[in-house]
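In mature numbering (1 follows the signal peptide of the UniProt record, and there is no 0), the protein residues as written are -18 to -1, 1 to 495.
All C-beta atoms in this analysis are idealised placements derived from N, C-alpha and C, irrespective of residue type, glycine included.
For clarity, every value in this text was computed on a predicted model and none was experimentally measured.
For reference, the structure discussed in these notes is given below.
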């Protein structure tokens, strides 16, 4: 983003360097939430070579930070439990992303930097034995692709229980309604009217097939910025039509549009923020697991920029600088380091790195309005649990979501449990092999649908869906997924076309990619 360099004026706010750790602390774990990297224009299903390379560089940076495997500098943040040769050991690192092509490719590229190809598994007898590299006839088999490391990725589909952690504003009617209300409000209408001439003037430099006049307005601010930004980077012909002053103005308007649906000063926990709240819920849950269990040491989640705007508001970073109301750069990372002192007490330090380049400095910032960059665990826990959404049921209720994974929290499910408690065979009932009298139901419970078997079957439907869902449900709160989590997942093209007329400020990177 064009505001990214301005974020570098803030390090004076930090009393603990993100590169240097005070002597009384050691790092015992971390949670990193990163944005995907450079990709083609929407609808985007391809991570560019530049995006992949920058993600690898980001992974390499954090490899140096937490493994200490950097030839040019030492790190105060080396985590003792990690394999000291930088070899991937299942359980030491946990990564999660939604089933979205660009985000998945970004995550995979980051992990390639975090765990590059290595031959240490061959030279180290213990590692070699653990991989059964030797055959019974005495032959030693070398690893393919120069020791390429196959790093576990937990990819979440839309109906999985953990999908909401990274895509908490998707399939969320409450969030959609809040955004629609904002778009119907006076501020949006005023901005749309006051900027209309400017946006219409862009017709001279934007392709008419992509952006007809009816779409050149504030409602499509993020779509327009995205298209111009991608082409400024990759399209020599179109880039000649732009200049940084123009692109800066387009970026500022896009930021205003996105911030408008990310923050409500009068209601900090408005439905705008459900996606960000879900990410922060994951931060707490997974760091707490590391604190209690001891691993995974590194948690890395990849997501979208829109949740980052929301996180900025929830952490109250916008109170530090208006720069935190702007677009994070490709590959930007939000980092929560779990620290421990000599007495065994735990602390959490927050840092932000706005991009993947060498001059994109990792800097600590105070959070939650505390003025402190290092919080005691109790301070962190108290603050983050007030804003975060850590349980699926809380997300389902906040969103009023009708997704299958929310069936277990529905009235149908609860009624089905009551029938089950009465000894009724729900499967047989649904198959028409038995019936149940429901005359004891209150009018409210019946919901006006009628009595008898019709009501029973109707309500039980929701439960049966959940019963099927429950068979494959992953144990909640444990970051180590079972081995079936590696099963192939059908990839969806979660990208949307530019909206018509007023468009939508949500159509920023497809499904907010």
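Counting other Cβ atoms within 10 Å of its Cβ, residue 175 stays below 16 and is therefore classed as exposed. Counting every other CB atom within 10 Å of its CB across the protein chains shown gives residue 165 a total of 16 or more, marking it as buried. Measuring C-alpha to C-alpha distances from residue 281 to each of 225, 189, 61 and 296 identifies 61 as the nearest. Listed as beta-bridge partners of residue 9 by DSSP are 321.
Spatial neighbours of residue 89 in its own chain (CB-CB distance under 7 Å, excluding positions within 5 residues in sequence) are listed in chain order as 77, 79, 135 and 284. For residue 332, the pairing in a beta bridge is given by DSSP as 318. Where residue 283 is concerned, the enclosing beta strand (DSSP E) starts and stops at 280 to 285.
A straight-line Cα-Cα distance of about 8 Å links residue 261 and residue 150.
The residues 67, 68, 69, 109 and 129, in chain order, have a CB closer than 8 Å to that of residue 102 in the same chain once the five nearest residues on each side in sequence are set aside.
Distance from the Cα of residue 275 is smallest, within the candidate group 54, 10, 28 and 3, for 10.
Nearest to residue 17 by alpha-carbon distance, out of 377, 389, 368 and 258, is 258.
In the structure shown, residue 79 falls within a strand segment according to DSSP collapsed to helix, strand and coil.
Here residue 28 is exposed. Its C-beta has fewer than 16 other C-beta atoms within 10 Å.
Residue 335 is positioned such that its CB atom lies closer than 8 Å to that of residue 315.
Cβ-Cβ separation between residue 245 and residue 295: approximately 4 Å, consistent with a contact (criterion under 8 Å). Counting C-beta atoms within 10 angstroms of its own C-beta, residue 162 has fewer than 16 neighbours from the protein chains shown and is therefore classed as exposed. Spanning the alpha carbons of residue 207 and residue 403 requires a straight line of approximately 56 Å. Annotation: the continuous alpha helix (DSSP H) that includes residue 220 extends over 218 to 221.
Comparing alpha carbon positions, the residue from 377, 31, 34 and 267 closest to residue 364 is 267.
Apart from sequence neighbours up to five positions away, the residues of its chain that approach residue 87 with a beta-carbon distance below 6 Å are 29, ordered along the chain. Inclusion of residue 254 and residue 298 in the CB contact set at 8 Å is not warranted, their separation being larger than that value.
Within its own chain, the residues whose Cβ lies closer than 6 Å to the Cβ of residue 349, once the five positions on either side in sequence are excluded, are 297 and 332, listed in chain order. Around the CB of residue 278, 16 or more other CB atoms lie within 10 Å, so the residue is classed as buried. In this structure, residue 242 sits near residue 170, with a CB-CB distance shorter than 8 Å. For residue 364, the secondary structure class from DSSP, reduced to helix, strand or coil, is helix.
Looking only at 41, 144, 270 and 49, the smallest Cα-Cα distance to residue 96 is reached by 41. In terms of CA proximity to residue 113, 72 leads the group 146, 85, 82 and 72.
Our two residues, residue 290 and residue 310, have alpha carbons roughly 7 Å apart in a direct line. Between the alpha carbons of residue 378 and residue 249 lies a distance of about 20 Å. Judged by their CB atoms, residue 235 and residue 177 are nearer to each other than the 8 Å cut-off. Counting only runs of 3+ residues, the beta strand (DSSP E) found wholly inside the stretch 118 to 152 occupies 136 to 138, in chain order. Collapsing the DSSP output to three states places residue 46 in a helix. The beta carbons of residue -1 and residue 209 sit no closer together than 8 Å. Judged by DSSP in its simplified three-state form, residue 227 adopts helix. Taking 8 Å as the cut-off, the Cβ atoms of residue 380 and residue 156 count as close. Residue nearest to residue 286 within the set 146, 12, 197 and 320 is 146 (criterion: CA-CA distance).
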